[in-house]
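Data first, discussion second: the structure below is written as C-alpha cells.
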Amino acid sequence: MIPAELSMQQDFFQKLMELFRICEDLENIDGLHMIFKIIKGIILLNSPQVFEKIFGDELIMDIIGSLEYDADVPQVQHYRLFLKEHVVFKEAIPIKNPLALSKIHQTYRVGYLKDVVLARVLDEATAASLNSIIHSNNAIVISILKDDSTFIQELFARLRSPTTSAESKKNLVYFLHEFCSLSKSLQVVQQLRLFRDLINEGIFDIITDVLQSPDKKLVLTGTDILILFLNQDANLLRSYVVRQEGIPLFGLLVKGMVTDFGEDMHCQFLEILRSLLDSFTLSGAQRDSITDIFYEKHLGELIDVIILSCSSDEADQSTSNLARNAGKVESQNSAKPEILSSICELLCFCVLHHPYRIKCNFILNNVIEKVLLLTWRREKYLVVAAVRFVRTILTSHDEHLINHIVKNNLLKPVIGAFVANGNRYNVLNSAILELFEYIRKENMKLLVKYIVDSFWNQLVKFENLASIHSLKIKYEQCLENCGTKMDVNAPDPRKRIDERALEKEEEDYFNEDRDEDDTTSASHPRKVQPQPVSSNGVEANRSSLSPRSGGLVDYEDDEDDEDYKPPPPRKQTETSEEDEGTLESIRSKRKLNPKEKEHELSKKQRLGKSPKSRDSVFAALCSTLSQAVLPSKKTANTIHLSTRSAERNEGSGEENHLEKESSSPDDNSSEEDNHRDKGSPRNCSDNRQLTGEDSPLIPPKSSPEMAVNGS
Numbered sequence: 001m002i003p004a005e006l007s008m009q010q011d012f013f014q015k016l017m018e019l020f021r022i023c024e025d026l027e028n029i030d031g032l033h034m035i036f037k038i039i040k041g042i043i044l045l046n047s048p049q050v051f052e053k054i055f056g057d058e059l060i061m062d063i064i065g066s067l068e069y070d071a072d073v074p075q076v077q078h079y080r081l082f083l084k085e086h087v088v089f090k091e092a093i094p095i096k097n098p099l100a101l102s103k104i105h106q107t108y109r110v111g112y113l114k115d116v117v118l119a120r121v122l123d124e125a126t127a128a129s130l131n132s133i134i135h136s137n138n139a140i141v142i143s144i145l146k147d148d149s150t151f152i153q154e155l156f157a158r159l160r161s162p163t164t165s166a167e168s169k170k171n172l173v174y175f176l177h178e179f180c181s182l183s184k185s186l187q188v189v190q191q192l193r194l195f196r197d198l199i200n201e202g203i204f205d206i207i208t209d210v211l212q213s214p215d216k217k218l219v220l221t222g223t224d225i226l227i228l229f230l231n232q233d234a235n236l237l238r239s240y241v242v243r244q245e246g247i248p249l250f251g252l253l254v255k256g257m258v259t260d261f262g263e264d265m266h267c268q269f270l271e272i273l274r275s276l277l278d279s280f281t282l283s284g285a286q287r288d289s290i291t292d293i294f295y296e297k298h299l300g301e302l303i304d305v306i307i308l309s310c311s312s313d314e315a316d317q318s319t320s321n322l323a324r325n326a327g328k329v330e331s332q333n334s335a336k337p338e339i340l341s342s343i344c345e346l347l348c349f350c351v352l353h354h355p356y357r358i359k360c361n362f363i364l365n366n367v368i369e370k371v372l373l374l375t376w377r378r379e380k381y382l383v384v385a386a387v388r389f390v391r392t393i394l395t396s397h398d399e400h401l402i403n404h405i406v407k408n409n410l411l412k413p414v415i416g417a418f419v420a421n422g423n424r425y426n427v428l429n430s431a432i433l434e435l436f437e438y439i440r441k442e443n444m445k446l447l448v449k450y451i452v453d454s455f456w457n458q459l460v461k462f463e464n465l466a467s468i469h470s471l472k473i474k475y476e477q478c479l480e481n482c483g484t485k486m487d488v489n490a491p492d493p494r495k496r497i498d499e500r501a502l503e504k505e506e507e508d509y510f511n512e513d514r515d516e517d518d519t520t521s522a523s524h525p526r527k528v529q530p531q532p533v534s535s536n537g538v539e540a541n542r543s544s545l546s547p548r549s550g551g552l553v554d555y556e557d558d559e560d561d562e563d564y565k566p567p568p569p570r571k572q573t574e575t576s577e578e579d580e581g582t583l584e585s586i587r588s589k590r591k592l593n594p595k596e597k598e599h600e601l602s603k604k605q606r607l608g609k610s611p612k613s614r615d616s617v618f619a620a621l622c623s624t625l626s627q628a629v630l631p632s633k634k635t636a637n638t639i640h641l642s643t644r645s646a647e648r649n650e651g652s653g654e655e656n657h658l659e660k661e662s663s664s665p666d667d668n669s670s671e672e673d674n675h676r677d678k679g680s681p682r683n684c685s686d687n688r689q690l691t692g693e694d695s696p697l698i699p700p701k702s703s704p705e706m707a708v709n710g711s
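Per full-length UniProt numbering, the sequence shown starts with residue 1, numbered consecutively.
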C-alpha cells in the first residue's frame with residue numbers, strides 16, 4: 001500500500017499516469033492490472049487531498065482509464081469511450097464562468113466513477129466522501145449562477161420569448177428544474193433567498209404555461225418544480241395562488257389531478273393540492289382565501305368526475321342487481337380508477353382539515369351520496385375508498401352530518417356492498433366491519449338504531465361475525481336504557497314544561513313560607529312583647545281582670561289539694577288545644593292572598609282599638625277556667641296577685657296601657673323583670689308550668705276570638 005505522504009508528492013500521479021499510457025500502448029495486461037490495484041488502493045485511502053489531485057481536469061480521464069483493467073473482470077471496460085462519445089453536455093443557456101463549467105464536468109465524472117466504475121469495491125466511508133465532493137461542487141455552481149444577475153434575467157427572458165422554439169423552451173424548463181433541484185445544496189437561508197428571487201422573476205407564471213403543454217413529460221417537470229417550492233416553503237406558492245394572477249394555476253392543478261397523463265402523475269397533483277390546503281400550516285387570511293377558492297370553484301369539478309365515472313343506470317337498481325351488474329355499463333367519460341381513488345383521498349383530507357366548510361358543502365350539495373356512487377364500481381379498492389370516506393366523516397362526530405346520513409339513508413349502498421360481498425374475507429369486508437365496530441365503540445346511538453332498524457333483515461345472516469353481533473347487542477342496550485322509552489312512551493315536551501313549572505311553583509311556595517315566618521318573627525316582638533303573655537295567651541297585667549276574678553278563684557281552704565288532678569273537661573281543653581295548634585299550623589302554612597291579608601290586618605286593628613272589651617273577655621275566660629279546672633291554693637294565690645296587679649295598673653288608664661303595647665322589645669324585657677322582682681301575678685297556666693304539670697290549656701299564639709269560641 002502506498003503511503004498517503006508518497007501520493008501527495010507533486011509528480012507522483014503524473015509519472016504513474018505516464019506509465020499507464022506506456023503499458024496500454026504495449027498492451028501489457030499484467031502491468032495494467034497492477035496499476036489498477038494501485039489506483040484503487042489510493043482511492044480507498046479516502047484522503048480529501050488525494051481526491052483533489054486525482055479528480056482534477058488533467059488526471060481524471062487517465063484515472064478512469066486505469067480502472068478499466070480489472071483483473072476480476074474478464075473483459076476490458078470502455079468507460080472513457082462512453083464519457084467522450086455518448087455523454088453530451090448541453091447548455092440551455094451559455095455559462096461563461098470557467099470555474100462553474102469545470103465543477104459541472106467534475107461533478108458528473110466523480111458521480112460516474114462512484115456509481116459505475118467503482119460501485120463494487122467502494123466502502124461506505126469512501127462513497128460518503130465522494131458524495132460530499134459532489135455536494136460541494138453543486139453548491140459552488142449554484143452560488144456562482146445565482147450571483148450572476150444577467151444569467152437569471154437571460155434565462156427568464158428566453159422562457160417568455162415567443163420566438164423561442166419549443167425544443168429550446170423544453171431544455172430551458174429542464175435546466176430550471178435542475179437548477180432548483182441543485183439549490184438544495186445551499187444553506188437554508190441562501191436557498192430561500194434564491195427561491196424568492198425566482199418568484200420575483202416570474203417562475204410561477206412560467207409553470208402555469210408549462211402545465212398547459214401537451215407534452216406530459218414537460219408537465220411532470222413543472223409539477224416537480226412546484227413540489228420543490230412547497231418543500232422549501234409552502235407559503236411561497238400559497239401567497240401566489242390567492243392572488244388574481246395565481247387563480248389559473250390553482251385551476252390547472254385541480255384539472256391535472258383528474259387528467260389521464262398515462263402515468264401516476266395525478267399523485268403529483270394530489271400532493272401539491274394537499275400541501276396548499278393543509279390547514280395546520282396556513283395562516284388565517286391565507287387559509288380562508290385558499291379554501292374559498294377550492295370549495296367554490298373546484299370541489300364541484302372533482303365530484304362531477306365521480307358522477308360521470310359511475311353509471312347512472314346502476315345507481316337506480318336494487319342492491320343485488322348492482323352487485324351483479326356493477327361496471328358493465330360505464331360512461332365513456334369515465335376516469336381511471338386511480339384518479340377516482342386520489343379524489344377520495346383528497347376528500348378525506350379535506351374532512352379532517354376543514355370540518356366546517358365540509359359540513360356546509362356536503363349537506364347543501366349532497367356530496368356524500370355522490371361519493372358513495374363509487375360503491376357501484378367493480379373495483380373493490382374504489383368501494384373501500386368510499387367506505388373509508390364515510391369512516392372519516394364519522395370521526396368528526398358532527399351531529400349535522402350524522403343526521404344527514406340517517407335522514408337520507410346514505411348507508412344503504414355501504415350495506416348493499418357488504419351484503420353483495422358475501423362471506424368473502426377481503427379488504428372490503430374488513431373495512432365495513434371496522435366501520436360498524438367504530439360506530440359501536442364510539443356509542444353513536446343514532447347510527448346504531450338506524451343500521452339495525454333499517455338493515456337488520458340483510459345483516460341477520462352475518463350475525464355470527466363478532467362485529468355484527470356486538471352491534472346488535474349495543475342496539476338492545478340502547479333500547480333498554482333509553483330507546484324503548486323514547487319510542488314507546490315518548491315524553492310530551494309540554495308535560496315536561498308543566499312539571500318544571502310546578503316544581504318552580506312549589507319552590508316559590510316554600511320560599512314565601514320562609515319569608516312569612518321571618519316577617520312574623522320580626523313583627524311579633526313589636527306587637528306582642530310589650531305585655532308579658534302567659535302560656536295560654538292572656539296578658540298578665542290586664543286592668544279588667546282584678547275586679548271580676550278575685551272572688552271566683554279565691555280557694556284558700558284547699559291547701560291540701562295539691563295532688564288534685566283535673567276533671568274530665570281538661571281532656572276537652574287539650575283536644576281543643578290540639579285542634580287550635582293544628583289550625584294555627586295550617587294557617588301559617590296557607591298562602592294568603594292580598595284580600596285575606598288585609599282582612600286579617602283590619603281585624604287585628606279593630607281588636608287593638610278596643611282593649612277594654614278584649615280585657616273583659618280574657619278576664620271572664622281565665623276566671624271561669626280557674627274555677628272549673630284549677631281550684632288549688634297556688635292557683636288562688638296567683639289569681640289574687642294578678643288581681644292586685646290589675647288594680648294597680650287600672651289607675652294608669654288606657655293611655656298607659658297603649659304605651660306599654662307600643663313599647664320596644666327592650667322595654668318589654670325590663671317590664672317582665674320588674675314583674676318577676678315584685679312577684680307580679682301570672683295566670684293559671686303559668687302556675688301549672690311552675691308545678692311541673694302538663695302543657696297549657698290554650699296555645700301561646702291563640703287569638704282572643706279563638707279562646708272565646710273554644711277553637
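Quick reminder that beta carbons are idealized off the backbone N, C-alpha and C, glycines included.
The beta carbon of Leu373 sits closer than 7 Å to the beta carbons of Ile306, Ile307, Cys310, Ala315 from its chain, once the five residues preceding and following it are set aside; these are given in chain order. When Phe349, Val254, His266, Met17 are compared, the shortest CA-CA separation from Asp304 is found for Val254. By the neighbour-count definition (other C-beta atoms within 10 Å, threshold 16), Gly256 is a buried residue. If you draw a straight line from the Cα of Ala71 to the Cα of His33, it comes to about 6 Å. Rounded to the nearest angstrom, the Cβ distance from Ile152 to Asp115 is 31 Å, too far for a contact under 8 Å. Take the alpha-carbon of Leu276 and the one of Ser239: they are about 10 Å apart. The beta-carbon separation of Leu192 and Asp233, rounded to 6 Å, stays under the 8 Å limit for a contact.
Rounded to the nearest whole angstrom, the C-alpha separation of Lys15 and Glu68 is 19 Å. Counting along the chain, Ala420 sits inside the alpha helix (DSSP H) bounded by residues 412-421. Close CB contacts of Ile293 within its chain, under the 8 Å cut and outside five residues either way in sequence, are with Val241, Val242, Ile247, Phe250 (chain order). A check of alpha carbon separations from Lys169 across Ile207, Asn200, Asp147 identifies Ile207 as the nearest.
With 16 or more other Cβ atoms inside 10 Å of its own Cβ, His266 counts as buried. The region 188-272 contains, as complete alpha helix (DSSP H) runs of 4+ residues, the segments 188-200, 203-211, 216-232, 234-241, 247-257 (chain order).
According to the DSSP assignment, Asn171 belongs to the alpha helix (DSSP H) that extends over 166-182. In chain order, Phe55, Leu130, Ile133, Ile134 place their CB closer than 7 Å to the CB of Val110, counting only its own chain and leaving out the 5 sequence neighbours on each side. Going by beta carbons, Ile29 and Ser66 fall outside the 8 Å limit. The Cβ-Cβ distance between Ser102 and Asp62 does not fall below 8 Å. Taking C-beta atoms as the reference points, Leu352 and Val383 fail to come closer than 8 Å. DSSP places Glu27 in no alpha helix (DSSP H); its state is neither H nor E.
Between Phe156 and Gly202, the C-beta gap is smaller than 8 Å, which places the two residues in contact. A Cβ-Cβ separation of about 6 Å places Ile402 in contact with Leu446 under the 8 Å criterion.
Relative to Arg120, the option among Val258, Leu44, Ile415 whose CA is nearest is Leu44. Distance from the CA atom of Gln212 to the CA atom of Phe362, rounded to whole angstroms, is 31 Å.
Straight-line measurement puts the Cα of Ala100 at about 19 Å from the Cα of Asn171.
Excluding five sequence positions before and after Leu159, the CB atoms of its chain that fall closer than 7 Å to its own CB belong to Lys169, Leu172, Ile206, given in chain order.
In this structure, Leu394 sits near Tyr438, with a CB-CB distance shorter than 8 Å. Nearest C-alpha to Ile358 among Asp398, Ala386, Tyr450: Asp398. In this chain, Thr163 is not harboured by any alpha helix (DSSP H), its DSSP state being neither H nor E. Residue Ala385 holds the alpha-carbon nearest to the alpha-carbon of Pro337 among Glu296, Ala385, Val390, Lys297. For Ser143, the closest alpha carbon among the candidates Leu122, Cys180, Lys40, Val390 is that of Cys180. In the displayed model, Arg274 falls within a helix according to three-state DSSP. Of the residues assessed, Thr150 falls on the exposed side of the cut-off, its CB having fewer than 16 other CB atoms within 10 angstroms. For Ala128, the secondary structure class from DSSP, reduced to helix, strand or coil, is helix. Collapsing the DSSP output to three states places Lys472 in a helix.
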